[in-house]
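Chains as they are written, first to last, in our numbering: chain A, 26 to 235; chain B, 26 to 235. The next block holds one structure in the form of structure tokens; read it before the comments.
Number of protein chains: 2
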Amino acid sequence: MTASPVQRRTQAQRREGTIGALLEATVACLTERGYAATSTAAVCAEAGVSQGALFRHFPTRQALLVATAEHVATRNVAAFRLTTEGAAVDTVDEVADVLAHLRAAVLSPTNQTWRELLVAARADADLRAALLPARELLQAQMLDVAADLWGERLSADDLPAVLSLVVNMLDGLAFSALDPDPAAAPGRTVERALRLLAELIVHRYPEESP
Amino acid sequence: MTASPVQRRTQAQRREGTIGALLEATVACLTERGYAATSTAAVCAEAGVSQGALFRHFPTRQALLVATAEHVATRNVAAFRLTTEGAAVDTVDEVADVLAHLRAAVLSPTNQTWRELLVAARADADLRAALLPARELLQAQMLDVAADLWGERLSADDLPAVLSLVVNMLDGLAFSALDPDPAAAPGRTVERALRLLAELIVHRYPEESP
DNA sequence: ATAGAAAGTGAGTACTTGCTATCTAACCTC
DNA sequence: GAGGTTAGATAGCAAGTACTCACTTTCTAT
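Below, the structure written as structure tokens:
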């Protein structure tokens, strides 16, 4: 009874624990407060650690944000892969279904985090450079996922184009979807737009057997 | 020779002059520095006026930003209208041409300003509420422009969906286009994507005369 | 010309920011 | 255990923030 119940962690465990808490806290702050309001103090408060702890593991605020970016990038591509894995994409309905799931994935907090960092990087050359590797990795892996989905039916030219179309449309949607209720009035419009996209994708490669 | 050459402006002219300079300066700061770095000091330096002048005309920083938003919103819809006015949209090539012009318009500084404010509004309830009227006005006017372009050939259901598709795709493109050279390596991909979009739009209403 | 109002100035306010220096608590090696 | 190293807490700093206020300059009405 001399030691408190949850203790005797190894140094590496302690370290990993607070680093993880800081990354998660950064994600939370970014999604619900935005980039500018994600101060080191706010992140520390959310993570339940002191500022000194933060600056022990990350030399600068930007380092924390870059680490967070890499953290969510891998999670995002994993979510995409999960969403599309084994999905049928032969009919318009099936493709529309995939698109609906992709839309939900794009609207997720981790993806919102990624977007927030991308926007911030536009006006910050250092951050932009630091984010470049993660960006290229994510792009390549997204292309892999797309190839798994549509690779056998879309040409090498069309595949990245369709990917760009889908991803950019969903991202644009996420940016302009700042209304409290994401499934608000124009929801029907968005659904219809996604259906048109699905038609485009399916009709791009009409089924061999009519 | 007692008075300097360019003087004797009326008070209204002076007022309008500095307000205009402040709005333009805000646009410049937002596009090249981003929302967070658009401080009142930065705007005043860019506009060449003192902070006191700013706070005479705008009670708060947010008021300045909202005024800027309304300022650019009207300019943006005018640019869109100009871009599409009288354009032919019968063939895939013609629609692709329109989309290319729309893309350029979406990448313009004033549109970038609008986007910057939209993103900031996501994490700021007050700003979001203040931006709502301008947002709805812009949306309605964009729908008008789209109706002028495609109204006779797309159904009332499809029109807003196609508009959403095009605008969101272009916006998403603008967000992720933070590379120095916007017409960089994946430029071909984007062009191909826009062409696919054009095909979708044209094939949505096959010409009556085959 | 002169009084009064509006426009513009710039130093100053209270506060927040990222970050550091100093120190204590927890862990590892012996 | 002791000695040394790492992790974390706390107070504080310089720089920057939005905004204010006493003041001068510029226009307007008489």
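Even glycine gets a Cβ: it sits at the ideal position worked out from N, Cα and C. Predicted model only: the values in this text are computed from it and were never measured.
For residue 117/B, the enclosing alpha helix (DSSP H) begins and ends at 117-131. Taking C-beta separations shorter than 7 Å and ignoring five residues to either side along the sequence, the partners of residue 75/A in its chain run 69, following chain order.
DSSP places residue 77/A inside the alpha helix (DSSP H), whose first and last residues are 76-82.
In this chain, the alpha helix (DSSP H) harbouring residue 191/A covers 183-201. Counting along the chain, residue 42/B sits inside the alpha helix (DSSP H) bounded by residues 36-58. Separation of residue 157/A and residue 147/A (C-alpha to C-alpha, rounded to the nearest whole angstrom) is 12 Å.
Using a Cβ-Cβ cut-off of 8 Å, residue 194/B counts as an interface residue toward chain A, since at least one Cβ of chain A sits closer than that to its own.
One alpha carbon belongs to residue 48/B, the other to residue 144/A, and they sit about 22 Å apart. Counting of Cβ neighbours within 10 angstroms places residue 161/B among the exposed residues, the total staying below 16. With contacts defined as CB atoms closer than 8 Å, residue 199/B and residue 132/B qualify as a contacting pair. For residue 162/B, no CB of chain A lies under 8 Å from its own CB, so it is not counted at the interface with that chain. Contact of residue 86/B with chain A is not assigned, every C-beta pair being separated by 8 Å or more. At a cut-off of 8 Å between C-beta atoms, residue 214/B counts as an interface residue with respect to chain A.
Across the set 226/B, 38/B and 220/B, the C-alpha of 226/B shows the shortest separation from the C-alpha of residue 177/B. Taking a C-beta distance under 8 Å as the contact criterion, residue 107/A and residue 51/A do not qualify as a contact pair. Proximity to residue 85/B across 46/B, 124/B, 138/B and 152/B peaks at 152/B, based on C-alpha coordinates.
For residue 215/B, the secondary structure class from DSSP, reduced to helix, strand or coil, is helix. Between the alpha carbons of residue 185/A and residue 168/A lies a gap of roughly 7 Å. Only buried fits residue 189/B, as 16 or more other CB atoms lie within 10 angstroms of its CB.
Between residue 147/B and chain A, the shortest Cβ-Cβ separation is below 8 Å. Around the CB of residue 140/B, 16 or more other CB atoms lie within 10 Å, so the residue is classed as buried.
For residue 124/B and residue 223/B, the gap between their C-alpha atoms comes out near 8 Å. With fewer than 16 other beta carbons inside 10 angstroms of its own, residue 182/B counts as exposed. Within the stretch 160-187 of chain B, those residues whose Cβ lies closer than 8 Å to any Cβ of chain A are, in chain order, 182, 183, 185, 186 and 187.
Residue state for residue 102/B is assigned as helix, using DSSP reduced to three classes. The three-state reading of DSSP puts residue 179/A in coil, since its state is none of H, G, I, E or B.
If the five residues before and after residue 159/A are omitted, its C-beta is found closer than 7 Å to the C-beta atoms of 94, 95 and 98, all from its own chain and listed in chain order.
Residue 179/A and residue 187/A do touch by the CB rule: their CB atoms are close to 6 Å apart, below 8 Å. C-alpha of residue 115/A to C-alpha of residue 220/B: approximately 22 Å in a straight line. Membership of residue 140/B in the alpha helix (DSSP H) is indicated by the continuous run 134-147. The shortest CA-to-CA distance from residue 165/A to any of 40/A, 101/A and 149/A is the one to 101/A.
One alpha carbon belongs to residue 43/B, the other to residue 67/B, and they sit about 15 Å apart. Under the three-state reduction of DSSP output, residue 108/A falls in the helix class. Contact with chain B is found for residue 201/A, since one of that chain's Cβ atoms lies less than 8 Å from the residue's Cβ. Taken through DSSP and simplified to helix, strand or coil, residue 229/A comes out as helix. For residue 128/B, no Cβ of chain A is located within less than 8 Å of the residue's own Cβ.
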